[in-house]
Every structure is written in structure tokens, then in C-alpha cells.
Amino acid sequence: MLGGIDMNGDFFGAGSQAYLADYVLKPGDATDGATYLLLYSGGLDTSCCIRYIQEEFKGSVIALTCDVG
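Residue numbers (my numbering): 196 to 264.
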């Protein structure tokens, strides 16, 4: 359960079974100009990913960070 959303089940109601893994971008599925959600750690790798998405896919990035401490 994350923020009131069951991450392993019924996202859209009516018994639909949409799993979080169904929303992970796979290589080749990227769409130019789309908006991408990046789970951002603050490290060098994810910082480079922001620029990569902007340049390669002409997309905008929403960087999500979570304080789990």
C-alpha cells in the first residue's frame, strides 16, 4: 500500500488488474515528447538520466524522490 494505492492490484477499479510492472518503460517503448516519471535517487546515474531523457526523447521529466528515513 503506497499513499492509499494498492501497488499490487486494482489501480482503476472494476476488477482491473494493472500491476505496477505494467507501467515500467521498456527499451524501444519510449515516445518522443512524452512526460516521464523518474524515480530519482539524487546520485550521478539518475541525474544523468534526466538529461538523457530530455535530449534523446525530447521529453519532460518529473523526478520523484521519497524520504524513507
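Backbone N, C-alpha and C fix where the C-beta goes; we use that ideal spot for every residue, glycine too.
Query: Mark Ile257 as exposed unless 16 or more other C-beta atoms lie within 10 angstroms of its C-beta, in which case mark it buried.; Result: exposed
Query: Which whole-angstrom value describes the C-beta separation of Leu233 and Thr241, a residue pair presumed to lie in contact below a C-beta threshold of 8 Å?; Result: 6 Å
Query: Give me the residue from Asp262, Tyr235, Gln249 and Gly264 with the minimum Cα distance to Gly228.; Result: Gln249
Query: To which residues of the same chain is Asp262 closer than 6 Å at the C-beta, ignoring the five residues directly before and after it?; Result: none
Query: Expressed to the nearest angstrom, what Euclidean distance is found between the alpha-carbon atoms of Thr226 and Phe252?; Result: 7 Å
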